[in-house]
Structures are given as structure tokens and as C-alpha cells.
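Protein sequences, first through last, are from chains A and B. Quick note on numbering: the first sequence equals residues 1 to 314 in my numbering. Quick note on numbering: the second sequence equals residues 1001 to 1304 in my numbering. Even glycine gets a Cβ: it sits at the ideal position worked out from N, Cα and C.
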Amino acid sequence: MTKIPKLKILFLLSTFYFLLSGLASAAELFFDAQTQEFAINQQFQVDLLLDAENKELNAVEGKILFPVDLLELKQIKDGGSIINFWVEKPAVVMNDSVVFSGIIPGGFRGVFGPFYKGLKPGKILSLIFQTQKEGEGAIEINEAKVLLNDGKGTPAQLSIINYQFSISEKILVPQIPIPKIEDTEPPEPFTPEITRDPNIFEGQWFLVFASQDKNSGIAHYEILEKTPRQSLFNKFWQKEQWITAESPYLLKDQKLKSYVSVKALNKAGNERTASLPPSRPLAWYENYLVWGIIILIIIAGLILRFLLWKKIGW
Amino acid sequence: MRSRKIAVIIILISIFGNAHFLLVQSATQSVNVTAKIEVTVSPTPPVTPPGGGGSYIPPVITQVIFLGWAYPLSKVTVLKDGQIAITTIAGPDARFNVALSGLSSGNYVFSVFSEDNRGRRSALFTFPVFITQGAISQISGIFLSPTIDVDKSEVRRGDNIAILGQSVPSGEIIITVNSEEEFLVKTKADKDGVYLYNFDSSVLTMGQHLTKSKAATDGLLSSFGPIVSFLVGTKTVFKIPEKCPLKADINNDCRVNLVDFSIAAYWYKRTLSAAFKKIEKERLSGDGKVTLTDFSIMAYYWTG
């Protein structure tokens, strides 16, 4: 071997070393799945994970692109995500991509656990796909951004690993089914808050709320506003009218005389309700119940007086 | 021969570039070293059957116990997934111990912060943890960063500026002051955890400077706490204590929480009103729109 090839090898090695070292320091967004080979009409799950690589990150956003001719997106799961507050809850756009954006207050360096040392990458979301036809493709991450927990929102170096897969009619690899987790637990307890601010809803009272679900994920929220009058009325004559809503929610009762209940429902149908008493309860004379009791007492008094008058002439 | 020389130069640049890179990386890692969090799990202890006789199935308890160091007799707040879950008071030795029950199995993001004897807040100490169903998880080694403040918003060059705060009793405090070069000084907290260091500003250049601190005790090292800025100039201006955090508190209630997040989320990808544009400039990134950067700033200053 001549000296030039040796130098070339050395040059290539040092270049690779430099590049790999550079990549090692960057945060990483990548997919995790049981396998990369599938049969037609098979369902599989891919998890999008974030490896902070010793950085402290607090915000992430991105767009996941998938080939619609090969895959059908069946479900988006955000249960057990490291994201505490979604700026944009993961949702399908243009039929071929999923956008997401969220934050982790205080920052994220990795997940601690009792059964391993160090830190593990954290799950952002999971996608369940069904294969459509034979072919090869990739699930890609586009327009991704992770920001440092430095109080300035500085973008962190990011490396992205897309997910390559192949679909074949004659698949020889044993197929791994999607693990089915029976979710019997309600979403996490939460406390809604009534507030107002001149910068939103023209200074009117609104409600903020957020719960988490560790298994199937939050499906939606429902809200019920009821005054003590309605409360009594509904008890006997009418079914309560829950409205599907999102936070922030502009309250209908701006006088704040209503009970406000928020129901968080997870994708398995379990629910958790948090209720707030009226911020400004009705005055006693505004309450029909009080008037009802007073009228009853008066009637009872009159009846008693009538009976006594009849019996002893009093 | 010439190509060989070029190749050697490229190799040297590559190696030196890499060496420089590794140095930067190791410096960054040393900055990020924090107290060692340990997560241990033990099964829920058996419950004695009430009144004897008959079979009794004890309820499944999933609990997390947090153990760590804050400041002597300070209020310690635990956030669960960004919302206040429980508070406690640290002992005179700054140690705290607090338990949280009623959890499911899964990933939780817990954060702990404390307020010192002057109401100054520590940085959030955040750790995502996987919680096991029906077990008691103990998270130990939480060491909150010291609080920090300065006595002057502007110091005349050559005068001293006091850098002060609170940490654990008798803890070693490492203070850094960023100028064109970084200055690192050490001092010791007193028995109440209070520290004060008079920094000679003559070594600093004129202009804006930043300072932060971290603490060491019993072989543990905290992460750096909040960053405080001051100006080196031609006059001395004493600092008026800030009641509320200046950044991210959109509704001015001295807290950065879901309410602020919701207000900012309302303006996400919308044209800002003139009033909100002013707030965005003062308290968020100041780029005239609400983007992920603004939410990142909010996440940094989060109080729950």
C-alpha cells in the first residue's frame, strides 16, 4: 500500500470521527417499532422518541410525513407522552402528515426509571398504521425543531432518523401484534381555573384546564355550567347538557353564579370530572329552593293554624 | 507531494477541530452535572386486616416519595406534569421529604422548586420518571439550585456588587460571572444557608453581565440556578426587588402556569393585537408573533 492511500484512509477516518462526534452531541428524534417488514393489511405501531443527549430541552415541534399509498393512519396516541402541554395536539393534516408541537415545563434530559441506570429517551407520540399494498417507503420527520431550556428558546442541534419499512405479500418474518393495553384508569386528577385577562376574549371570564392520561391518552373534554336553580330543575326533569370543549373556554355565565364541571375523557372511555363551585354564589333571595322552603313553611303554618282553629277554636 | 501536504493539513484541521469540539462538549457536560437522582421501587407494604378474620385484599397504592435538599424552612412545591401537586416545608437542615399518592402507571414529569426566605425562586428541578403501578417509588438526590440576586442593577466600574442568595446550610457556593471571559468564585453559605459574595467589578468590561450560582454539599453538586443580569457602567443604581418574574408571566399574577399558556396559545398563529404585541415584546421573545420560542421561554420560567 502506498503512502497516499494510507493518508486517504486516515483522512476518511478522522472525517468520520469528526462527523460522528458532532452527531452524538445533537438531540435526536427517531422512531421505534418492533420490526420494519410487514405483510399487507397488517397493523403496526411506531413510537416517536426524543433523545436529549445531555441537553436540556423544553419544546419540540415537527411534521411526520407518511406515504398514503402504502399506509393508512388508523390512530394517533399521545397517552404517556413526555409532553405536558400541547401547543398543537398531534393531528392529521392534508391526509399524509401529522403535526405536533408542545412543551415540557422545566425541561427534559431523559426519563429516569427504577429498573435501569441513567436516562432513557422519552416518547412524544405513537402512530398506528395499516399497510395497504406491497412496496418500500419511509415515515419521515420534517420541519422539526427542539428548543433548549435556557429561557431564550434557543434551537438545539437536532439529528433525525427516519423510519424505513417494506411491505411484502410473502412475509417470512414472524409478525408482532400491537400490544393491547386494557385501560381501566381514568385520566389524572386536575384543577380547572376560572380567570380573565384583557388580552383574550375581550376581558371576559374563561376557564382553563388540562389533564393527562398515562395509557390511552385524552380523547376530549366536556363542560357543564349549571346554576343552583338549573341544578335542582335538572335533577328531576332534564338530562344535564355536557358540551364538548377545549381550553381556554369562554364561560357562558359571565356572572359566575354557576357550578362549572369539566369532564376529561380518555380514548378508552374512562372519565374524570373536576368541579368548581360558583365563584359568586346566588344570594339567598335568588335561590328558588329557599323560596320553596319558605312557601312550604308558610303553607304548613297556615294548615296548622286552620287545624288548631277547627279543633280548639284558636 | 503537494497533495500529501494538503492531506496532512486537512487531517490536522480535522483532528484539532474535533479536539476543540470535544473540549466544548465536556465543558457543556460539566455544566449540566446535577445531583444524582435515584429511583428505587418497593412493593406497597401489606395492610393488617381490620378486625381480624376473613380474607382482605389491600388497596393498590401507587406512591412517589421525593427526598432532597432545598433551603432551611423553605416552602417546597412539587409539580406533577406542570401543575402544582403538593407542597411541603423543608427542615432547618434544608432537607425535605414529601409523598404523592393516587398515581397511575406511566411516565410522569415531576418538577420541584422552592422559595427562599426572601421569596426568590429556585430554578425548576425537573425529572421525567416512569412510575410503577402498585409500588412505592422513592426519588432521592434532589438538590435544588441556590437562589440568586444582586444588590445593584447597575454598578460603577470598580465598585463591588453583592451577589447573594440561599442554599443548604454551610454549602459551598460556586458563582460564575460572564464577561468577555468567565469568572468563577467560591464562597460558603452560613448556618441558615444564606450566602453573599462581594464581587469586584473592576475586572469586568463595561456593559451587561450575567451571573448564576450552583451549590455543593456532601459530595453532591446542584445544577446552576436562575441567571441574573446587571450592568457595569459609570454610576451605581441599587436594585429594587422584583415582586414577580419579569418574563413569561403574561397575566401578571406572579405565576407562570396554564393560564399564561392558554393566553399565549390563543394568539398562536394569529395576528397579535396592539396590546398583546406589547406584552409579547416585554415578556416573551419579542418577535411580534407567538411561536414555539415563546412557549419555550414560558416552560423555562414555569411555576405551576
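Jot down the residue ranges of each uninterrupted beta strand (DSSP E) in the region 1083 to 1144 of chain B, minimum 3 residues, whole runs only, in chain order.
-> Runs of the beta strand (DSSP E) inside the region 1083 to 1144 of chain B: 1083 to 1089, 1095 to 1100, 1106 to 1115, 1125 to 1131 and 1135 to 1143.
Where are the beta strand (DSSP E) runs, 3 residues long or more, that stay fully inside the region 18 to 60 of chain A, in chain order?
-> 27 to 32 and 43 to 51
Residue-chain proximity (A:I141, chain B), Cβ-Cβ < 8 Å | By one-based count along the first sequence, residue 141 of chain A stands at place 141. Cβ-Cβ to chain B under 8 Å: no for A:I141.
Give the secondary structure of B:V1232 by DSSP, where H, G and I count as helix, E and B as strand, and everything else as coil.
-> In the second sequence, the residue the question calls residue 1232 of chain B occupies position 232. B:V1232: strand per DSSP, three-state reduction.
Backbone CA spacing between A:E202 and B:V1203 [nearest angstrom] | Residue numbering aside, residue 202 of chain A sits at position 202 when the first sequence is read from its first letter. Residue numbering aside, residue 1203 of chain B sits at position 203 when the second sequence is read from its first letter. Near 51 Å, if we compare the C-alpha coordinates of B:V1203 and A:E202.
DSSP-derived helix/strand/coil call for B:F1295 | As a position in the second sequence, residue 1295 of chain B is number 295, starting the count at 1. Note: B:F1295 maps to helix in three-state DSSP.
Could you tell me if A:Y316 is buried or exposed, where buried requires 16 or more neighbouring beta carbons within 10 angstroms of its beta carbon?
-> The requested residue 316 of chain A is not part of the displayed model; chain A covers only 1 to 314.
Using a cut-off of 7 Å between C-beta atoms, extract the partners of B:F1295 located in chain A.
-> Against the second sequence, residue 1295 of chain B aligns to sequence position 295. Neighbours of B:F1295 on chain A, chain order: A59, V87 and I103.
Neighbourhood of B:D1149 by C-beta distance below 7 Å, restricted to the same chain and skipping five residues each side = Position 149 of the second sequence, counting from 1, holds the residue named residue 1149 of chain B. Closer than 7 Å at Cβ, skipping near neighbours: R1120, L1164, G1165 and V1228.
Where does B:L1022 land, buried or exposed, given buried means 16+ other C-beta within 10 angstroms?
-> Looking up residue 1022 of chain B in the second sequence gives position 22. Confidence at B:L1022 is low in this model, with a pLDDT of 27, below 50, so the placement of that residue is unreliable and no value is reported for it.
Among residues of its own chain, excluding the 5 on either side of A:V93, which ones have a beta-carbon nearer than 7 Å to its beta-carbon?
-> Within the first sequence, residue 93 of chain A is the residue found at index 93, counting from 1. V99.
Comparing the C-beta of B:G1288 with each C-beta of chain A, is any distance below 8 Å?
-> Mapped onto the second sequence, residue 1288 of chain B falls at position 288. Chain A, which has no Cβ nearer than 8 Å to the Cβ of B:G1288, makes this no.
In three-state terms, what does DSSP make of A:W242?
-> For the purposes of this step, residue 242 of chain A is taken as the residue at position 242 of the first sequence. In the structure shown, A:W242 sits in coil (DSSP, three-state: anything other than H, G, I, E or B).
If you count every other CB in all the chains shown that lies within 10 Å of the CB of B:T1217, and 16 or more means buried, which is it?
-> As a first step, residue 1217 of chain B is located in the second sequence; it is residue number 217 there, counting from the start. By the neighbour-count rule (16 or more Cβ atoms within 10 Å), B:T1217 is buried.
Which term fits A:L207, buried or exposed, when burial requires 16 or more other beta carbons within 10 angstroms of its beta carbon?
-> Position 207 of the first sequence, counting from 1, holds the residue named residue 207 of chain A. Under this definition A:L207 is a buried residue.
Where the region 1068 to 1083 of chain B meets chain D: residues whose CB sits under 9 Å from a CB there = Going by chain labels, chain D is absent from the structure shown, which instead holds the protein chains A and B.
Residue interval of the beta strand (DSSP E) (run including A:E193) | If you number the first sequence from 1, residue 193 of chain A lands on position 193. For A:E193, the uninterrupted beta strand (DSSP E) run begins and ends at E193 to T195, by DSSP.
The beta strand (DSSP E) with B:R1270 in it runs from where to where?
-> In the second sequence, residue 1270 of chain B corresponds to position 270, counting from 1. Element bounds for B:R1270: n/a, residue is neither H nor E.
With a Cβ-Cβ cutoff of 8 Å, do B:V1078 and B:A1085 count as a contact?
-> The residue labelled residue 1078 of chain B in the question sits at position 78 within the second sequence. The residue labelled residue 1085 of chain B in the question sits at position 85 within the second sequence. A contact, by the Cβ cut-off of 8 Å.
For B:E1038 and B:L1103, the rounded distance between their alpha carbons | Numbered from its first residue, the second sequence carries residue 1103 of chain B at position 103. Numbered from its first residue, the second sequence carries residue 1038 of chain B at position 38. Straight-line Cα distance between these residues: approximately 19 Å.
Leaving out the 5 sequence neighbours to the left and right, which residues in its chain are closer than 8 Å to B:S1042 when beta-carbon positions are compared?
-> Against the second sequence, residue 1042 of chain B aligns to sequence position 42. A1135, I1136 and Q1138, listed in sequence order.
Shorter than 8 Å from the beta carbon of A:E53 to some beta carbon of chain B?
-> Working through the first sequence from its first residue, we reach residue 53 of chain A at position 53. False, the Cβ-Cβ gap to chain B never drops below 8 Å.
Per DSSP, which residues does B:K1075 bridge with? Please list them.
-> On the second sequence, residue 1075 of chain B is found 75 positions in, with the first residue counted as 1. Partner(s): B:I1089 and B:E1115.
Taking the C-alpha atoms as reference points, what is the distance between B:F1199 and B:S1296?
-> Against the second sequence, residue 1199 of chain B aligns to sequence position 199. Against the second sequence, residue 1296 of chain B aligns to sequence position 296. Approximately 32 Å, taken between the alpha carbons.
Leaving out five residues before and five after A:G292 in sequence, what residues of the same chain have Cβ atoms less than 6 Å from its Cβ?
-> Taking the first sequence and counting its residues from 1, one reaches residue 292 of chain A at position 292. So no residue of the chain qualifies.
Measure the C-alpha to C-alpha separation of A:I194 and B:M1298 and round it to an integer number of angstroms.
-> Sequence index remark: in the first sequence, residue 194 of chain A carries index 194 (1-based). Sequence index remark: in the second sequence, residue 1298 of chain B carries index 298 (1-based). When rounded, the distance between both Cα atoms is 20 Å.
Mark B:N1252 as exposed unless 16 or more other C-beta atoms lie within 10 angstroms of its C-beta, in which case mark it buried.
-> Residue 1252 of chain B sits at position 252 when you count from the first residue of the second sequence. The residue is exposed, with fewer than 16 neighbouring Cβ atoms inside 10 Å.
What span of residues does the alpha helix (DSSP H) with A:Y288 cover, start to end?
-> Taking the first sequence and counting its residues from 1, the one referred to as residue 288 of chain A is at position 288. Per DSSP, A:Y288 belongs to the alpha helix (DSSP H) from Y288 to I312.
Does the beta-carbon of B:W1302 have 16 or more other beta-carbons within 10 angstroms, so that it is buried, or is it exposed?
-> The sequence position of residue 1302 of chain B within the second sequence is 302, counting from 1. Counting the other Cβ atoms within 10 Å of the Cβ of B:W1302 gives 16 or more, which makes it buried.
Comparing alpha-carbon positions, which option in A:N58, A:A245 and A:G62 lies nearest A:F30?
-> Indexing the first sequence from 1 puts residue 30 of chain A at position 30. Measuring from the Cα of A:F30, the nearest candidate turns out to be A:G62.
If you draw a straight line from the C-alpha of A:L158 to the C-alpha of A:I64, how long is it?
-> Numbered from its first residue, the first sequence carries residue 158 of chain A at position 158. Numbered from its first residue, the first sequence carries residue 64 of chain A at position 64. Going by the C-alpha atoms only, they are around 15 Å apart.
8 Å Cβ shell around A:E53 - same chain, five flanking residues per side excluded = Residue numbering aside, residue 53 of chain A sits at position 53 when the first sequence is read from its first letter. Only A24, S25, A26, A27 and E28 meet the Cβ criterion.
Among A:F129, A:G113 and A:Q130, the one whose alpha carbon lies nearest that of A:G122 = Numbered from its first residue, the first sequence carries residue 122 of chain A at position 122. Out of A:F129, A:G113 and A:Q130, A:G113 has the C-alpha closest to the C-alpha of A:G122.
Where do the ends of the beta strand (DSSP E) carrying A:V146 lie?
-> Taking the first residue of the first sequence as 1, we reach residue 146 of chain A at position 146. Secondary structure note for A:V146: its beta strand (DSSP E) is the uninterrupted segment G135 to L148.
Chain B partners of A:N266, CB-CB under 9 Å?
-> Taking the first sequence and counting its residues from 1, one reaches residue 266 of chain A at position 266. Result: empty, since nearest Cβ-Cβ is about 10 Å, beyond 9 Å.
Below 6 Å CB to CB, which residues in the same chain sit around A:E225 once its five sequence neighbours on both sides are set aside?
-> Taking the first sequence and counting its residues from 1, one reaches residue 225 of chain A at position 225. Within the same chain, A:E225 has close Cβ partners K252, D253, S258 and V260.
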